[in-house]
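Data block below; observations after.
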């Protein structure tokens, strides 16, 4: 029998001490980490992190949508935006090209379902389209993470995925697409092989699922 976890653990912003523990653990595992005040600060910082003209894929993320980062990347004309390009392509005849574009952009930007204080990032996905880029296919990866996603350990992170994120994403998917979501694929990033390839912008505020 598992110990009940207070719902507020998954919704309330983690205090400064827990953010700093997560940041220190991630840094020790070769991630670049910045603790920022809010989504507005992340929105500004990303413009500095991504060079103009880079090919950029935005993974599906309420954090990116709510912050305006998704629109900045996909609609500004500043970058070679992968998502709108692939959405306009023919799924019947161009799937190989779509797959390659999604798997190896210059930069992939998204979020995660949980960050552990021991230094792991946990990503859940229905389609898996963002996972190759996150895992290493993209030259650089940037994750924008609300403070409510910081949890003590990997076991709690997986429970956050199932008990908190999935119901919310399921509701969103039903409204947007007319079919339910599922945790079909799960990616756990414990370290970066190339130091600094992955950047975590850890916010002091809660945003997203």
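In the working numbering, the protein residues as written are 901 to 1109. Don't be surprised by glycine CBs; every beta carbon is placed ideally from N, CA and C. Keep in mind the model is a prediction, meaning the values are calculated, not measured.
Rounded C-alpha distance that separates residue 1014 from residue 939: 17 angstroms
Own chain, CB closer than 7 angstroms to residue 1080, minus 5 neighbours either side, in chain order: 1070, 1073, 1074
The region 969-980 touching the region 988-1001, judged by at least three CB pairs closer than 8 angstroms: Using a C-beta cut-off of 8 angstroms, the region 969-980 makes no contact with the region 988-1001, since fewer than three inter-stretch Cβ pairs fall below that distance.
Cβ-based neighbour list, residue 1030, same chain, cut-off 6 angstroms, excluding 5 preceding and 5 following: Around residue 1030, the same chain offers 959, 1010 as residues with beta carbons nearer than 6 angstroms, after the five sequence neighbours per side are excluded.
Burial state of residue 1033 (16 or more Cβ within 10 Å): buried
Nearest-angstrom Cα separation, counted from residue 993 out to residue 936: When rounded, the distance between both Cα atoms is 43 angstroms.
Residue 1064 classed as buried or exposed, judged by whether at least 16 other C-beta atoms fall within 10 angstroms: Under a 10 Å Cβ-count criterion, residue 1064 is classified as buried, with 16 or more other Cβ atoms of the shown protein chains found around its own Cβ.
Complete runs of the beta strand (DSSP E) confined to the region 1024-1107 [at least 3 residues]: 1040-1045, 1085-1089, 1098-1103
Residue 972 versus residue 1056 - alpha carbon distance: Annotation: residue 972 to residue 1056 spans about 33 angstroms, alpha carbon to alpha carbon.
Contacts around residue 1085, its chain only, beta-carbon distance under 7 angstroms, and the 5 residues preceding and following it disregarded: 1025, 1028, 1031
CB contact flag (residue 1044, residue 1006, <8 angstroms): no
DSSP beta-bridge partners of residue 1012: None, per the DSSP bridge assignment.
Rounded C-alpha distance that separates residue 941 from residue 965: 15 angstroms
Residue 967 - DSSP class collapsed to helix/strand/coil: helix
Of the residues 1020, 1060, 1054, the one placed nearest residue 1100, counting alpha carbons only: For residue 1100, the closest C-alpha among the options 1020, 1060, 1054 is that of 1020.
Backbone CA spacing between residue 921 and residue 952 [nearest angstrom]: Rounded to the nearest whole angstrom, the CA to CA distance from residue 921 to residue 952 is 33 angstroms.
Beta bridge counterpart(s) of residue 980 as assigned by DSSP: 955
Where the alpha helix (DSSP H) through residue 920 begins and ends: 916-928
Among 1048, 1023, 1078, the one whose alpha carbon lies nearest that of residue 908: 1048
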